[in-house]
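Trainee: What follows is a single structure, and I will ask about it in a moment.
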Amino acid sequence: MGLLHLTRNSPWRSDAVMVEGVVAGTKAAIVATFASAIPTFASVRMLPWARANLNPTAQALIISIVAGSAYFVVADKTVLATARKNSFQAYPNFQS
């Protein structure tokens, strides 16, 4: 039974929601990695202060913090949005 075959009434629906959050968070982390790596590497090459003070460990730390933050923010928002959507399915006449 693959994750694509899960229905809304399945007891494993929460696993599918979790996987949805992980996939969305991973995509956001990849985008954030490139979005932070390019300016970080460019500034180390062009700015004297950055060249003197940002060693490779600091550069990696900057990039990984941005990627990790993006992952957790997007994964959390995805899971919460899906939970909110699923919670209102029991009350179809409720205006959100």
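For this note's numbering, add 9 to where a residue sits in the sequence shown, where the first one is 1. All residues carry an ideal CB built from backbone N, CA and C; glycine is no exception. Quantities reported herein were computed from a predicted structural model and do not represent experimental measurements.
1) Tell me which same chain residues have a C-beta within less than 6 Å of the C-beta of residue 52, skipping the five on either side of it?
2) For the alpha helix (DSSP H) containing residue 63, list its first residue and its last residue.
3) Looking only at its own chain, which residues have a Cβ that is under 7 Å from the Cβ of residue 49, when we skip the five neighbours before and after it?
4) Hey, how far is the Cα of residue 74 from the Cα of residue 39?
Mentor: Taking the structure as given:
1) For the purposes of this step, residue 52 is taken as residue 43 along the sequence shown, with counting starting at 1. Excluding positions up to five away in sequence, the list reads 59.
2) By one-based count along the sequence shown, residue 63 stands at place 54. No alpha helix (DSSP H) holds residue 63; DSSP gives it neither H nor E.
3) Start at 1 with the first residue of the sequence shown, and residue 49 comes out as number 40. Excluding positions up to five away in sequence, the list reads 68, 71 and 72.
4) Taking the first residue of the sequence shown as position 1, residue 74 is located at position 65. Taking the first residue of the sequence shown as position 1, residue 39 is located at position 30. Each residue's alpha carbon lies about 12 Å from the other.
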